[in-house]
Amino acid sequence: MAAPFGGRGALYMTKEELIQPENRIYGKPALMNDTPMHYCPGCSHGVVHKLVAEVIEEMGIEEDTIAICPVGCAVFAYRYLDIDWIEASHGRAPACASSVKRLWPKKLVFTYQGDGDMACIGTGEAIHAMNRGENIAMIFINNAIYGMTGGQMAPTTLMGMKTATCPYGRQADLHGYPLHITDIAVNLEGTCYVTRQAVNTVANIRKTKKAIRQAFENSLNHKGCSVVEVVSTCASGWKKTPEQANQWMTENMFPYYPLGDLKNTNE
Amino acid sequence: MAKMRGAIVVDIERCKGCNLCTIACPLNLVTLSATVNHKGYNYAEQTDWEKCNGCTSCAIVCPDGCITVYRKKEE
Amino acid sequence: MDEQKKDYVLLKGNEVIAKAAIRYGYDGFFGYPITPQSEVLETLAVDKPWETTGMVVLQAESEVASINMLYGAGATGKLAFTSSSSPGIALMQEGISYMAACELPGVIVSVGRGGPGLGTIQPGQADYNQAVYGGGNGDYNLIVLAPNSVQEMADCMGKAKELTFKWRVPVMILSDGVIGQMMEKVELPPFTPRRTEEEIHQQCPWATNGMGLKGRKYNYHSSLEFDPLVMEDRNHKMAEKYRKIEAEEVDYDTYKADDAEYLIVAYGISSRVSMKTVDTLREQGVKVGMLRPKTLWPFPNRILNEKAENLKCILCVEQSEGQMIKDVRLAVEGQVPVYHTGRSGGMISSPADVVDAFKAMARENISKNWPKGYWIK
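Chains as they are written, first to last, in my numbering: chain G, 7 to 273; chain B, 72 to 146; chain Y, 129 to 505.
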C-alpha cells in the first residue's frame, strides 16, 4: 500500500497499513461465533469461554471435543462456541460427562458449571464423578452468587455477604458456611489436577488458560478428573461496576478462596 | 530504531462498555466513546493509536472478544 | 436341528434383560441397585461385557445420575439403558422429561414394586401412570412396552432398541417384580455387533460427538428455549411425531377374544393370571376373552373401541388400585361398563380371585347398577 508523503512511509506506518490480516496477533478465537453473548458487561464467563475456545483451537481438537453445559448463567454456552454441546439438567453435568467419556474414551469431555450447579444441587454428581476418577475436565465458575436467577445466596457465598436471599448478610446460624468444593476435590483419590484461578488480570488470565489446557490434556490422556475453579465476578449480582467487582473479588474472595494449584499428580 | 507499533479494532456492536479494557491498558490508550452503539453501550475506542505497542492486554481481558489487535515491528 | 442350535436357557427376567442387552449390541448400562431389579446390574457385572462387546457398565451414585448418564449417552448417538424400580423411576422423571424434550434415544427398564413411597419390595403394577403419563414436566410421551414373560423381556430389549432410534423417543419397558424375578425358559437373541463410531456418525447426524464437526454446523441438545413461539413450535413437531407413533406402533395380543361377550384387559403379570381365568370361565361356558396391550403407550384404543360394540362389559385386571382402567374407559367411549379388579401393595391376584371378581361384575352389570362404582372386590 502506498504510504503518504513518499519516503516517510517506510518509517511511519499508517493505521491502514498496520491493520492487515498478516499483522493480526490477537482477536476473538474462530470457535467463538458472532452471536452476542447474553452475559452482563464485564462478566468473567466471557473470558473463560474465550480461553476454552482458544485452548481447543490450539490443541486442534474441535472434532474430538464434547462439552457439557449447566443450568445457570452458562446455560446458553452452546450458542457461543462452535463445538458439540449437551445442555445437562441442573447439577447433573458430571453424570452426563461420565457416561459420554466412558462411551467416547478418545474424546475430550469437559463440563462447564457454576457454583449453584456444581457445589449445591449437583454436589453428589460432582463429587462422585471426581471420586470415580472420570477422565473429564470440570471448569467451575465460582462467583459466590446465583447470577441467572437474580443474585440469590449460593453455597459459596462469603460470610456476611449480602444477597437477595440473605439480605442482612450470610450468617452461620441461618445459612451455614461456604462450601469449599475444590478443597474437597483435592482429597478425593480420583482427581489428578485441582487448581483455583481467576481472570481479573492479564497475568491471571494467562495462568487460567494454562490450567484449562492442562485439564484438557489430562482428559485426553486419561489421567483422572481435573477441576479448574475460576474465582469470578458477578458485577450485576454484586451490584457493582465490573471494575469495582474485580477489586471486591481481590479484597474479599481471594483471601477466602486463595489462588494456585491445589493438587497436581503429574508433578 | 525498531519499534513495535500496534493498533486495535473494536467490534463496536458487540461491545458492552464494561470498561475492563480501559483499565487493562498499561498506556491508558483506550477509553469509552461519548456515543453509544445500537444496544446503548458506550463502546471502547483507542485514543492515541500511535502510542500503542500492541501488547494485547485490552483484548485479553475483553469478555466479549470485541477487540482485535494488530502489531508490526517498524524498522 | 435348528431348535438345538438356539440358545435356550432358564433365567430370571432381570438376568435376561442384561444378557439380551449384551447380545443386541447395547453400548452402555448406567444404573443403581434397587429391589426387585438388582440382578440386571449383577448379571452385567458377572458377564463383563466390556471385555467382549465393549459395552460400558457403570454403577451410578443414584438414579438421578443414572438417567443423566443415559441422557449423555443418547445425546452422543450411543444406545444405552438403565433399569430401576418404582421409587428409582420416580427419581428419574426429570431426566426422562429432558430426554424426551431433546428427542434422545434411550431405554429405561422399570421393574415395578408395590407403592407409593418406598412401598414394598414385592411386585406391583401401580406404576402405569408413572410410565404412561410420566412424572416429568411438559408435553411428552414415552413409548411404553409391557412384557408378560421372561421371553418377552428379551424381545422387548430388541424392540426398544429399534423403536428408540426410529422415533428418537425414550422407550420404557414396564415390567413388574414377578416377571423380573421368575425363571422361565428363554431363547436368547443372536449376537449383534455394537455399531462402530463411523456407523453412529452416518446414522445419527444429530449426535453431539464432535464427529465431522469441521464439515457441518455444531450440534447441541438443549431443552431450554426462551422464546415461547419457538418452544410451541418444538412441541407441535413432537406432538406430530407422537400422533404418527400412535398410528404405527400400537401392539397388542388377544386370547380367545373373537367370540367374546366379556373381555378382560390386562398387561404384564396380570395378563398371565387372567389367561388362566379365561380358561376356567370358558370351561364353565362363559364367552370371555382377553386383550393384552403390549404397548401401553401408544394404547390400543381402536381395537378396544371396535370390540366394545359386541361386549357386555369389560374387566380390567391390574395389580394396583386401578390405573390403566381410565385408558380403557376412554378407549370404549362409554359403550360398555368397565370394571377394575386387582390387588395392590405387593399382593398379586390369583386366577380364582379374578374368576370371583368376574362373576361379581357380571351380576352387577346385569342388574344395571352401573355406574355405581367400578371397584370389584
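The beta carbon of each residue, even a glycine, is placed where N, CA and C say it ideally should be.
Item: Of the listed residues G:Thr155, G:Ala135, G:Val234, G:Asp267, nearest to Lys190 (chain Y) (C-alpha basis); Value: The sequence given here places Ser at residue 190 (chain Y); Lys does not occur at that position. Ranking the options by Cα distance to Ser190 (chain Y), first place goes to G:Ala135.
Item: Boundaries (first-last residue) of the alpha helix (DSSP H) holding Gln119 (chain G); Value: Gln119 (chain G) -> not in any alpha helix (DSSP H); beta strand (DSSP E) instead, spanning 114 to 120.
Item: Neighbourhood of Lys87 (chain B) by C-beta, 7 Å cutoff - its chain only, sequence neighbours within 5 removed; Value: Tyr112, Asp135
Item: With 16 other Cβ atoms within 10 Å as the buried cut-off, status of Gln253 (chain Y); Value: buried
Item: is_contact[Asp119 (chain B), chain G] using C-beta, thresh 8 Å; Value: no
Item: Distance, Gly97 (chain G) Cα to Gly223 (chain Y) Cα; Value: 12 Å
Item: Cβ-based neighbour list, Val278 (chain Y), same chain, cut-off 6 Å, excluding 5 preceding and 5 following; Value: Gly141, Val144, Glu312, Val314
Item: Test: Trp110 (chain G) CB closer than 8 Å to a CB of chain Y; Value: yes
Item: Spatial distance of Ile115 (chain B) from Leu57 (chain G) (CA atoms); Value: Sequence inspection shows Ala at residue 115 (chain B); the Ile mentioned does not correspond to that position. Approximately 21 Å, taken between the alpha carbons.
Item: Rounded C-alpha distance that separates Met7 (chain G) from Cys126 (chain G); Value: With a pLDDT of only 44 at Met7 (chain G), under the threshold of 50, the placement of this residue in the model should not be trusted; the figure read from the coordinates follows. One C-alpha to the other measures close to 59 Å.
Item: Neighbour list for Val132 (chain B) in chain G, Cβ cutoff strictly below 9 Å; Value: Val53, Val205, Asn206, Thr207, Val208, Ile211
Item: Residues sharing a beta bridge with His349 (chain Y), DSSP; Value: G:Ile92
Item: Collapsed DSSP secondary structure at Trp254 (chain G) in the structure displayed; Value: helix
Item: Cβ shell of Gly157 (chain G) (< 6 Å), same chain only, five flanking positions each side left out; Value: Ile151, Thr169, Ala170, Gly243
Item: Reduced DSSP category for Asn497 (chain Y) - H, G, I as helix; E, B as strand; rest coil; Value: Reliability of the predicted coordinates at Asn497 (chain Y) is poor, the pLDDT of 47 falling under 50, and the value obtained from them is presented with this limitation in mind. Coil, per DSSP.
Item: Opposing strand residues paired with Gly556 (chain Y) [DSSP bridges]; Value: Here chain Y comprises residues numbered 129 to 505, so residue 556 (chain Y) is not present and cannot be evaluated.
Item: Range covered by the alpha helix (DSSP H) that runs through Asp189 (chain G); Value: 187 to 192
Item: Residue closest to Tyr475 (chain Y), alpha-carbon to alpha-carbon, out of Y:Gly240, Y:Ile392, Y:Arg323, Y:Leu391; Value: For the sequence presented, residue 475 (chain Y) should be read as Met rather than Tyr. Closest option to Met475 (chain Y), Cα to Cα, is Y:Gly240.
Item: Within chain G, partners of Ser128 (chain B) - CB distance below 7 Å; Value: Val208
Item: For Cys75 (chain G): DSSP bridge partner residues; Value: G:Glu93
Item: Element boundaries [alpha helix (DSSP H), containing Gly159 (chain Y)]; Value: No alpha helix (DSSP H) contains Gly159 (chain Y), which is instead part of the beta strand (DSSP E) from 156 to 159.
Item: N-terminal and C-terminal residue of the alpha helix (DSSP H) that Asp135 (chain Y) is part of; Value: Looking at the DSSP string, Asp135 (chain Y) is not in any alpha helix (DSSP H); the run it does join, the beta strand (DSSP E), is 135 to 140.
Item: Beta-carbon gap between Ala188 (chain Y) and Tyr160 (chain Y) smaller than 8 Å; Value: yes
Item: Environment of Val205 (chain G) [buried if 16+ CB atoms lie within 10 Å]; Value: buried
Item: C-alpha distance - Leu443 (chain Y) paired with Gln258 (chain Y), whole-angstrom precision; Value: 22 Å
Item: Identity of the residue in G:Ile31, G:Thr20, G:Pro42 nearest Asp119 (chain B) by Cα; Value: G:Thr20
Item: Exposure of Thr3 (chain G), with buried meaning 16 or more beta-carbon neighbours within 10 Å; Value: Coverage of chain G is limited to positions 7 through 273, which leaves residue 3 (chain G) absent and any answer about it impossible.
Item: Selection from Y:Lys404, Y:Trp425, Y:Phe427 that minimises the alpha carbon distance to Met418 (chain Y); Value: Y:Lys404
Item: Rounded C-alpha distance that separates Gly396 (chain Y) from Leu138 (chain Y); Value: 19 Å
Item: Any C-beta of chain Y under 8 Å from that of Asp40 (chain G); Value: no
Item: Beta-carbon separation (whole angstroms), Ala218 (chain Y) vs Gly263 (chain Y), contact threshold 8 Å; Value: 6 Å
Item: Distance, Pro251 (chain Y) Cα to Cys332 (chain Y) Cα; Value: 38 Å
Item: Where Gly240 (chain Y) falls: helix, strand or coil (DSSP); Value: strand
Item: Same chain, Cβ closer than 6 Å to Gln253 (chain G), five either side skipped, listed in chain order; Value: none
Item: Within chain Y, partners of Thr117 (chain G) - CB distance below 7 Å; Value: Ordered by position in chain Y, no residue passes the 7 Å Cβ test against Thr117 (chain G), which lies about 10 Å from the chain.
Item: Best match in G:Glu63, G:Tyr86, G:His51, G:Pro261 for proximity to Leu114 (chain G) [C-alpha to C-alpha]; Value: G:Glu63
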